[in-house]
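Written out below as structure tokens is the structure these notes cover.
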Amino acid sequence: MNPYILSTLLFGLGLGTTITFASSHWLLAWMGLEMNTLAIIPLMAQHHHPRAVEATTKYFLTQATGAAMLLFASTTNAWLTGQWDIQQMSHPLPVTLITLALALKVGLAPLHSWLPEVLQGLDLTTGLILSTWQKLAPFALLLQVQPANSTLLIALGLASTLVGGWGGLNQTQLRKILAYSSIAHLGWMILIIQFSPSLTLLTLLTYLIMTFSTFLVFKLNNSTSINALATSWAKAPALTSLTPLILLSLGGLPPLTGFMPKWLILQELAKQDLAATATLAALTALLSLYFYLRLSYAMALTMSPNNTAGTTPWRFPTSQNTLPLAISTTATLLLLPLTPAATALLTL
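Sequential numbering of the sequence shown, starting at 930, is according to our numbering.
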């Protein structure tokens, strides 16, 4: 893609998210979300592959539906209460509609069906943008709305953690596995959003770091299926030994960074007398852990067939910049000791 066009589209992505962040009026927030959608569509369809075009069409239709629903809900709110302000949402009907519209936009279960299909049709770089940057603006709105309907949020959260774990079990394509992983993580964030918004932000931040490093690992190995991971030991032996740790961090095992948000969320749910919800969420995390372990096993504990192509001792040096991967991997593995600092910041 032409670098000028690419920079314009990336600027549009950044501007759309920033407008949504900065807005206190529903029409401005809607406009930011629309700019975001329109800026990423050419990036998604840039390879002109039938799968990419299909994924782009599906993405456009779901985002347009979410945006129309958001606009309808905010207009209904203005009609019922006379307020366009995001933080003046008092009527339960528009609040519920807006929560569902934003759930559709980020891909929370049961409104998640588009996400694995769309992500599977994209290349890893655009998939990374879709899994990280595109979640920021809807989450900023969810945090501002502070929906009072706790039952809806807990139902959405538990459904997402369950579907995210269950759906990824029989997948062989890495992008679909990462899509289900994304759904499960979003479920954890939604579970806690009404009790501790700052904890939701912390969970979102750790999710962004872990997903960023996972996508970069797969991009460096140029692998999109579990079978392709088995040959990575010949390409990057050091990275192959670190990748299982990155995946286990995504699964939330101590002593890795991914354990911190899960630990704090379960603690907060227990404080709110939601022990059953916390137990269910912890059990659904085991489902996700299974497919992360499956990836780790395929990558580091199996040897691909020892044919000539698999055991070639030389490889062309990678042309990719590995500094972002090194920084994000370090953050994915080693931030757990900063938990006291994080909890101190949360209580400010």
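Glycine residues also receive a C-beta, built at the ideal position from the N, C-alpha and C atoms.
DSSP three-state assignment for residue i, whether helix, strand or coil
| i | result |
| --- | --- |
| S1161 | helix |
| H977 | coil |
| H1020 | coil |
| F1124 | coil |
| P1269 | helix |
| S936 | helix |
| M930 | coil |
| P1242 | Reliability of the predicted coordinates at P1242 is poor, the pLDDT of 49 falling under 50, and the value obtained from them is presented with this limitation in mind. Correct three-state label for P1242: coil. |
| G1116 | helix |
| T1251 | coil |
| T1004 | helix |
| T1276 | coil |
| L1262 | helix |
| L1209 | helix |
| A1231 | One detail in the question is off: residue 1231 reads as Thr in this sequence, not Ala. Correct three-state label for T1231: coil. |
| G995 | helix |
| G1097 | coil |
Under 8 Å between C-beta atoms of residue i and residue j
| i | j | result |
| --- | --- | --- |
| H1041 | S1089 | yes |
| T1028 | V1074 | yes |
| L1133 | M1118 | yes |
| L1224 | L1176 | yes |
| L1107 | I969 | no |
| L1278 | A1038 | The question about residue 1278 has no answer here: the residues shown for the chain are numbered 930 through 1277. |
| L1053 | F1147 | yes |
| I1122 | L1065 | no |
| V1035 | L1115 | yes |
| T994 | L1026 | no |
| A1231 | A1159 | In the sequence as displayed, the identity of residue 1231 is Thr instead of Ala. Cβ atoms of T1231 and A1159: closer than 8 Å. |
| S1217 | A1113 | yes |
| A1207 | L1215 | no |
| L1103 | T1153 | yes |
| S1178 | T1169 | no |
| W1062 | T991 | no |
| S1110 | D1014 | no |
| L962 | T949 | yes |
| L1193 | T1272 | yes |
| P1126 | L1072 | yes |
| S1142 | T1261 | yes |
Beta-ladder partner(s) of residue i, from DSSP
| i | result |
| --- | --- |
| Q1102 | S1154 |
| D1014 | H954 |
Nonlocal neighbours in the same chain, by C-beta distance under 8 Å from residue i, ignoring five residues either side
| i | result |
| --- | --- |
| L1265 | P1183, P1184, L1185, T1186, F1188 and M1189 |
| A984 | M973, E1046, V1047, L1048, Q1049, G1050 and L1051 |
| Q1201 | F1124 |
| S936 | none |
| G1180 | G1187, A1214, S1217, L1218, Y1221 and L1222 |
| A996 | W959, L962, E963, T966, A1030 and K1034 |
7 Å Cβ shell around residue i - same chain, five flanking residues per side excluded
| i | result |
| --- | --- |
| L944 | M964 |
| A1032 | L1040 and L1085 |
| T1247 | L1149 |
| W1095 | L1216 |
| H976 | D1052 |
| V1173 | Per the sequence shown, the amino acid found at residue 1173 is Pro instead of Val. The answer, listed in chain order, is S1225, M1228 and A1229. |
| A981 | M973, A974, G1050 and L1051 |
| L938 | A968, P971 and L972 |
Proximal residues to residue i (C-beta, below 6 Å), its chain only, five neighbours per side dropped
| i | result |
| --- | --- |
| L1277 | none |
| S1003 | W955 |
| T1129 | M1118, I1121 and I1122 |
| Y988 | V1047 |
| P1023 | A1002, T1005 and N1006 |
| T1213 | T1090, L1091 and G1094 |
| F1144 | L1053 and L1057 |
| L1274 | none |
| L1267 | none |
| A951 | none |
| A1270 | none |
Proximity test, Cβ basis, 8 Å: residue i and chain C
| i | result |
| --- | --- |
| A997 | Absent from the structure: chain C. Only one protein chain is present. |
Closer than 7 Å: residue i CB and nearest the ligand GTP heavy atom
| i | result |
| --- | --- |
| T1172 | By its list of ligands, the structure shown contains no ligand whatsoever, and the ligand GTP lies outside what it can speak to. |
**Segments assigned alpha helix (DSSP H), at least 4 residues, entirely inside the stretch 1024–1092** = 1043–1049, 1053–1060 and 1065–1074
**Item:** Every unbroken alpha helix (DSSP H) within the stretch 1166–1204, with a cutoff of 4 residues, ordered by chain
**Value:** 1166–1180 and 1188–1200
**Request:** Report the residue ranges of all alpha helix (DSSP H) runs contained in full by the stretch 1124–1148; include only those spanning at least 4 residues, in chain order.
**Result:** none
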